[in-house]
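Okay, structure first, notes after.
Protein chains: 2
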Amino acid sequence: MTDHEKQAQASAGEPIVLIVDDDPSMRRALTNLFQSVGLKVQAFSSAAEIMEAKPPAVPSCLVLDIRLPGSSGLDLQADLAKANIHTPIIFITGHGDIPMTVRAMKSGAVDFLTKPVRDQDMLDAVQAAIERDRKRRDAEKSISGVRSRFEGLTARERDVLALVASGLMNKQVAAELGLAEITVKIYRGQIMRKMGAKSLADLVRMTDALGIPRNRGHLQT
Amino acid sequence: MTDHEKQAQASAGEPIVLIVDDDPSMRRALTNLFQSVGLKVQAFSSAAEIMEAKPPAVPSCLVLDIRLPGSSGLDLQADLAKANIHTPIIFITGHGDIPMTVRAMKSGAVDFLTKPVRDQDMLDAVQAAIERDRKRRDAEKSISGVRSRFEGLTARERDVLALVASGLMNKQVAAELGLAEITVKIYRGQIMRKMGAKSLADLVRMTDALGIPRNRGHLQT
DNA sequence: GTGCGAGCTATACGTAGGTTTGTGCCGTAG
DNA sequence: CTACGGCACAAACCTACGTATAGCTCGCAC
Numbered sequence: 001m002t003d004h005e006k007q008a009q010a011s012a013g014e015p016i017v018l019i020v021d022d023d024p025s026m027r028r029a030l031t032n033l034f035q036s037v038g039l040k041v042q043a044f045s046s047a048a049e050i051m052e053a054k055p056p057a058v059p060s061c062l063v064l065d066i067r068l069p070g071s072s073g074l075d076l077q078a079d080l081a082k083a084n085i086h087t088p089i090i091f092i093t094g095h096g097d098i099p100m101t102v103r104a105m106k107s108g109a110v111d112f113l114t115k116p117v118r119d120q121d122m123l124d125a126v127q128a129a130i131e132r133d134r135k136r137r138d139a140e141k142s143i144s145g146v147r148s149r150f151e152g153l154t155a156r157e158r159d160v161l162a163l164v165a166s167g168l169m170n171k172q173v174a175a176e177l178g179l180a181e182i183t184v185k186i187y188r189g190q191i192m193r194k195m196g197a198k199s200l201a202d203l204v205r206m207t208d209a210l211g212i213p214r215n216r217g218h219l220q221t
Numbered sequence: 222m223t224d225h226e227k228q229a230q231a232s233a234g235e236p237i238v239l240i241v242d243d244d245p246s247m248r249r250a251l252t253n254l255f256q257s258v259g260l261k262v263q264a265f266s267s268a269a270e271i272m273e274a275k276p277p278a279v280p281s282c283l284v285l286d287i288r289l290p291g292s293s294g295l296d297l298q299a300d301l302a303k304a305n306i307h308t309p310i311i312f313i314t315g316h317g318d319i320p321m322t323v324r325a326m327k328s329g330a331v332d333f334l335t336k337p338v339r340d341q342d343m344l345d346a347v348q349a350a351i352e353r354d355r356k357r358r359d360a361e362k363s364i365s366g367v368r369s370r371f372e373g374l375t376a377r378e379r380d381v382l383a384l385v386a387s388g389l390m391n392k393q394v395a396a397e398l399g400l401a402e403i404t405v406k407i408y409r410g411q412i413m414r415k416m417g418a419k420s421l422a423d424l425v426r427m428t429d430a431l432g433i434p435r436n437r438g439h440l441q442t
């Protein structure tokens with residue numbers, strides 16, 4: 001298989017583990033551990049270093065020492081969240097305390113391991129983290145196409161879409177927007193075509209996935 | 222309408238804090254703390270005791286010492302999960318360790334506080350936990366009506382519902398089920414009436430909320 | 001048996017959805 | 001100026017949706 005072919009299916013496979021630890025011997029040990037089970041590894045020695053690297057395009061996870069030179073692992077976690085990078089994080093700590101653990105877990109860490117870390121615990125945690133990331137990426141991918149098509153709609157088409165997806169009839173949409181019914185019908189057809197929806201049910205699910213507010217939504221009692 | 226305004230008319234009823242601790246002085250202190258901010262309280266001295274009580278019908282949370290006579294707080298957490306009771310849990314511990322904390326948080330605990338507990342930390346945690354429970358109850362309530370109406374559908378109506386909600390036209394549904402189109406139309410009308418859906422969009426959202434499998438679903442690219 | 005509800009269909013009719021073709025206005029990019 | 005895209009509408013036409021009325025079978029409970 002050529003590199004090009006590998007790249008083509010990269011989004012689907014070959015997960016990678018990112019290690020951030022200032023202790024070279026720790027980096028080496030973790031790298032060996034992960035490689036021994038066939039995982040790709042990339043190691044960093046500081047938070048700054050990994051923030052400069054581009055986020056991986058494959059399912060991945062971070063293994064992070066809570067005590068790092070400069071900023072702590074928790075700071076890095078917060079920075080990544082702010083940068084909208086949601087790679088799952090596994091913390092390792094030598095002298096962690098409970099409040100620190102709680103904070104990390106509340107912020108979405110998948111695990112928090114204490115030194116000395118047992119190999120099997122680490123591998124289990126990484127396995128779970130990568131699986132979580134894979135799911136997140138799949139979900140992300142499944143709506144990215146929908147979102148980009150939505151971007152291609154004109155302002156008016158979006159108005160109509162919101163009302164149609166909320167269950168209004170064409171004539172009601174027309175009244176709401178001060179249009180003739182025929183105009184709504186035409187926009188509606190354009191929306192279906194542009195969004196690639198083959199039925200109204202499709203369109204409804206797309207708008208829900210996009211989180212478009214419903215002007216007349218319900219579902220109660 | 223903002224989320225705050227919605228909140229005001231959400232799940233009615235006086236929230237309650239359930240305390241489980243074998244230390245009478247701790248129970249008294251916590252009870253006083255919560256009552257001082259106007260929260261209702263019910264205290265228990267063991268896991269067995271609270272398992273016998275009926276789960277509260279109002280937004281609530283558990284404040285749980287991790288070390289309990291008989292079973293540990295983590296065991297109680299697991300038992301409650303098994304019994305399908307999802308009241309949010311706040312743990313308190315005197316001598317907890319990190320693995321215990323991780324396990325509790327992974328299992329869905331909202332917080333894990335160490336003694337001595339600062340009053341404000343406890344109140345913040347309880348506030349968050351009750352809010353979480355209120356949201357969960359609201360979500361639960363909003364689909365319970367839909368679910369019960371779905372139970373009232375006949376077998377054939379459910380067949381038709383699944384296909385209609387997946388976006389098929391009446392004639393396609395008819396072909397799929399070996400029926401005449403007119404039959405599908407009539408069932409469809411009955412479904413709309415029985416489910417209380419005022420539009421197809423409604424119906425689609427209901428089926429999605431119920432997790433009904435789609436025979437011809439998509440949403441890709 | 002009688003009644004009842006589920007299941008199934010038919011004819012008929014009215015409404016809603018959707019496309020095509022064509023018209024026109026407006027603003028802006030070239 | 002001209003071309004283009006967004007916006008808006010109309011007439012004509014076809015398809016899909018939905019209801020009412022009516023009739024049929026089957027199985028089950030009384």
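Residue numbers (the working numbering), protein chains in the order written: chain A, 1 to 221; chain B, 222 to 442.
Here a beta-carbon is modelled for each residue, glycine too, at the ideal position from N, C-alpha and C.
Check                                                                                                                      : Outcome
Sequence-distant residues of the same chain with beta carbon closer than 8 Å to Gln-172 of chain A, five excluded per side : Leu-163
C-beta atoms of Ile-319 of chain B and Val-338 of chain B nearer than 8 Å                                                  : no
C-alpha distance - His-439 of chain B paired with Ser-142 of chain A, whole-angstrom precision                             : For His-439 of chain B, the predicted structure reports a pLDDT of 40, less than 50, and the residue's modelled location is therefore unreliable. A value from the coordinates is still provided. Cα-Cα distance, rounded: 10 Å.
Cβ-Cβ distance between Glu-157 of chain A and Tyr-187 of chain A below 8 Å                                                 : yes
Assumed close pair Ala-269 of chain B, Gly-291 of chain B - CB separation to whole angstroms, cut-off 8 Å                  : 6 Å
Min CB distance Ala-165 of chain A to chain B below 8 Å                                                                    : yes
Length of the line joining the Cα atoms of Met-26 of chain A and Ala-81 of chain A                                         : 25 Å
Closest residue to Ile-19 of chain A among A:Arg-103, A:Leu-153, A:Val-126 (Cα-Cα distance)                                : A:Val-126
Pro-337 of chain B at chain A interface by Cβ criterion, 8 Å                                                               : no
Backbone CA spacing between Arg-370 of chain B and Asp-202 of chain A [nearest angstrom]                                   : 23 Å
Contacting residues, own chain, Cβ-Cβ under 7 Å from Thr-114 of chain A (five flanking each side not counted)              : Thr-93, Gly-96
Min CB distance Phe-112 of chain A to chain B below 8 Å                                                                    : yes
Run of the beta strand (DSSP E) containing Asp-111 of chain A, from where it starts to where it stops                      : 111-114
Cα-Cα separation between Asn-164 of chain B and Thr-375 of chain B, rounded to whole angstroms                             : Residue numbering for chain B in the displayed model covers 222 to 442; residue 164 of chain B lies beyond these limits and cannot be assessed.
Simplified DSSP state of Asp-23 of chain A, which is helix, strand or coil                                                 : coil
Lys-198 of chain A at chain B interface by Cβ criterion, 8 Å                                                               : yes
Nearest-angstrom Cα separation, counted from Val-262 of chain B out to Asp-380 of chain B                                  : 48 Å
Closer than 8 Å to chain B by CB, Val-173 of chain A                                                                       : no
Length of the line joining the Cα atoms of Gln-256 of chain B and Cys-282 of chain B                                       : 14 Å
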